[in-house]
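One structure below.
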Amino acid sequence: MRHRTDFERVAPDVREVLDTLRTAAELGSDSFGAYVISMASNASDVLAVELLQKDARLAASGELGRACPGGTLRVVPLFETVKDLRGAGSVIRKLLSIDWYRQHIIKNHNGHQEVMVGYSDSGKDAGRFTAAWELYKAQEDIVAACNEYGIKVTLFHGRGGSIGRGGGPTYMAIQSQPPGSVMGTLRSTEQGEMVQAKFGLPQTAVRQLEIYTTAVLLATLRPPQLPREEKWRNLMEDISKISCQCYRNVVYENPEFLSYFHEATPQSELGFLNIGSRPTRRKSSTGIGSLRAIPWVFAWTQTRFVLPAWLGVGAGLKGACEKGQTEELKAMYKEWPFFQSTIDLIEMVLGKADIPIAKHYDEVLVSQKRQELGEQLRNELITTGKFVLAVSGHEKPQQNNRSLRKLIESRLPFLNPINMLQVEILKRLRCDDDNLKARDALLITINGIAAGMRNTG
Numbered sequence: 001m002r003h004r005t006d007f008e009r010v011a012p013d014v015r016e017v018l019d020t021l022r023t024a025a026e027l028g029s030d031s032f033g034a035y036v037i038s039m040a041s042n043a044s045d046v047l048a049v050e051l052l053q054k055d056a057r058l059a060a061s062g063e064l065g066r067a068c069p070g071g072t073l074r075v076v077p078l079f080e081t082v083k084d085l086r087g088a089g090s091v092i093r094k095l096l097s098i099d100w101y102r103q104h105i106i107k108n109h110n111g112h113q114e115v116m117v118g119y120s121d122s123g124k125d126a127g128r129f130t131a132a133w134e135l136y137k138a139q140e141d142i143v144a145a146c147n148e149y150g151i152k153v154t155l156f157h158g159r160g161g162s163i164g165r166g167g168g169p170t171y172m173a174i175q176s177q178p179p180g181s182v183m184g185t186l187r188s189t190e191q192g193e194m195v196q197a198k199f200g201l202p203q204t205a206v207r208q209l210e211i212y213t214t215a216v217l218l219a220t221l222r223p224p225q226l227p228r229e230e231k232w233r234n235l236m237e238d239i240s241k242i243s244c245q246c247y248r249n250v251v252y253e254n255p256e257f258l259s260y261f262h263e264a265t266p267q268s269e270l271g272f273l274n275i276g277s278r279p280t281r282r283k284s285s286t287g288i289g290s291l292r293a294i295p296w297v298f299a300w301t302q303t304r305f306v307l308p309a310w311l312g313v314g315a316g317l318k319g320a321c322e323k324g325q326t327e328e329l330k331a332m333y334k335e336w337p338f339f340q341s342t343i344d345l346i347e348m349v350l351g352k353a354d355i356p357i358a359k360h361y362d363e364v365l366v367s368q369k370r371q372e373l374g375e376q377l378r379n380e381l382i383t384t385g386k387f388v389l390a391v392s393g394h395e396k397p398q399q400n401n402r403s404l405r406k407l408i409e410s411r412l413p414f415l416n417p418i419n420m421l422q423v424e425i426l427k428r429l430r431c432d433d434d435n436l437k438a439r440d441a442l443l444i445t446i447n448g449i450a451a452g453m454r455n456t457g
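full-length UniProt numbering puts the first residue of the sequence shown at 1, with every later residue one more than the last.
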């Protein structure tokens, strides 16, 4: 009775975790997938779950009077922020250096360690370019750590549907992973709106599985090339540093940016929509840091500015080009699949971005004193386009993908009027929050723009 009394004194959130692990122990691991630890940063994050699992299985088997079915759940650390990605390899090494943990992986999980890397929060934290480079290096380090201890690894990619959250063509994404990171296995998330688009019909579902299978087999049998020269990695570091600094100076250091974001986008109104499985914020504060990555990207996609996918990229490439590295960047684009994929995805975003539409949102919805910030950001988008095309050698975005360019252009006669309507509805709704008809109309415009842009968050 004493144990039960102590258990009842535990805080509700702690009790929920203990109850979850108890249920998992009673039902067995065959009924579940992996236990993913969000925002993992230390080896103790994984060890704590393993300890709780062990305790739950002992307690459950005592109550059941028999051994628990199946084995323990796979415990998967999820590294999300840039800081945590940089330390991911060290965390895995620390775990595998523990004899008990290594033997546990060998005995209970066939010598197989699963590690998840997050594209959403790293992109919101440092910008798309820096996030892409940090993810690449983190995967290299995780693979190296597992190889040192003779443990197989499966990388679990927590991607979103949009470029700003790591989305993009599946085949291209898999083929641009670091060599050795796809050894016959790969796991990836698919966002809700993309599940319907990719797997909603039997024919399209089979096609998607063919793409996944082909890409994984090719990446395993014929791994992508490493950077040809060490100076390419050094150049990536330089571009990434400038890109991250530019991004953070705008998003986190500019005191006017948060207010501009709320005025220029429908972010505040997204709460009216009964969609999404989680709150828009992780905690009650109002800063960008607490905002989840999905509404962050969703809001900018609605205005056709798509800021999270390109901000900082132009500054980084400009810095390299002004140092006389243009030809080196062109060589990297031609010979390094990872760099080519990164540039191509940004170029795809540039093809979807629309400066006149974004400017219209500013002119109608943004206060006069913050319109200068919008003008600066639009100039930054122009700079990004200029230097991305200089690196790819294209005259205009999507020059090497005419079918996609035509597809985007074919949607414009429908998208542009919907954006104009959304601006007017937002203007009216912000004068009268209780206007239910305006709320319903806003929902229709949001769905229309999301369908036309083929992305939400």
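Note that beta-carbon positions come from the ideal geometry of N, C-alpha and C, so glycine has one too.
Start and end residues, alpha helix (DSSP H) containing residue i
i, result
"residue 123", "120-126"
"residue 448", "436-453"
"residue 242", "230-248"
"residue 338", "337-352"
"residue 221", "202-221"
"residue 272", "That residue, residue 272, is in no alpha helix (DSSP H); it is neither H nor E in DSSP."
"residue 403", "402-429"
"residue 305", "Looking at the DSSP string, residue 305 is not in any alpha helix (DSSP H), and its letter there is neither H nor E."
"residue 81", "Here residue 81 belongs to no alpha helix (DSSP H), and DSSP marks it neither H nor E."
"residue 104", "99-108"
"residue 322", "313-322"
"residue 262", "257-264"
"residue 360", "355-365"
"residue 15", "12-27"
"residue 396", "Residue 396 -> no alpha helix (DSSP H), and no H or E assigned at all."
N-terminal and C-terminal residue of the beta strand (DSSP E) that residue i is part of
i, result
"residue 88", "No beta strand (DSSP E) contains residue 88, which is instead part of the alpha helix (DSSP H) from 88-96."
"residue 152", "152-158"
Residues bridged to residue i (per DSSP)
i, result
"residue 370", "Looking at the DSSP assignment, residue 370 forms no beta bridge with any residue, so it has no partner."
"residue 75", "35"
"residue 113", "153"
"residue 187", "156"
Distance CB(residue i)-CB(residue j) smaller than 9 Å
i, j, result
"residue 80", "residue 117", "yes"
"residue 290", "residue 175", "no"
"residue 247", "residue 384", "no"
"residue 446", "residue 273", "yes"
"residue 354", "residue 405", "no"
"residue 23", "residue 53", "no"
"residue 378", "residue 359", "yes"
"residue 43", "residue 95", "yes"
"residue 25", "residue 48", "no"
"residue 171", "residue 204", "no"
"residue 329", "residue 251", "no"
"residue 437", "residue 364", "no"
"residue 336", "residue 228", "yes"
"residue 122", "residue 134", "yes"
"residue 264", "residue 366", "yes"
"residue 36", "residue 78", "yes"
"residue 380", "residue 315", "yes"
"residue 270", "residue 299", "yes"
"residue 370", "residue 253", "no"
"residue 347", "residue 422", "no"
"residue 190", "residue 199", "yes"
"residue 206", "residue 185", "no"
"residue 339", "residue 177", "no"
"residue 235", "residue 325", "yes"
Given residue i as reference, the closest of the options once Cα atoms are compared
i, options, result
"residue 357", "419, 113, 315 and 192", "419"
"residue 267", "242, 170, 249 and 287", "287"
"residue 127", "11, 29, 195 and 310", "310"
"residue 414", "450, 443, 381 and 400", "450"
"residue 452", "197, 320 and 432", "197"
"residue 402", "448, 154 and 351", "351"
"residue 240", "365, 106, 252 and 82", "82"
"residue 312", "382, 107, 255 and 444", "382"
"residue 32", "40, 21, 155 and 187", "21"
"residue 408", "325, 349 and 41", "349"
"residue 155", "124, 417, 173 and 187", "187"
"residue 28", "67, 400, 100 and 361", "67"
"residue 459", "125, 448 and 106", "Look at the range of the chain in this structure, 1 to 457, and you will see that residue 459 is not part of it."
"residue 343", "109, 173, 245 and 368", "173"
Whole-angstrom C-beta distance between residue j and residue i, which should lie under 8 Å
i, j, result
"residue 34", "residue 76", "4 Å"
"residue 223", "residue 179", "4 Å"
"residue 137", "residue 146", "Actually they are not in contact, since the Cβ atoms of residue 137 and residue 146 sit about 15 Å apart, beyond 8 Å."
"residue 317", "residue 387", "4 Å"
"residue 87", "residue 30", "Contact doesn't hold; Cβ gap of about 33 Å is too wide."
"residue 115", "residue 142", "5 Å"
"residue 144", "residue 89", "7 Å"
"residue 242", "residue 319", "4 Å"
"residue 158", "residue 212", "So it is not a contact: roughly 16 Å between Cβ atoms."
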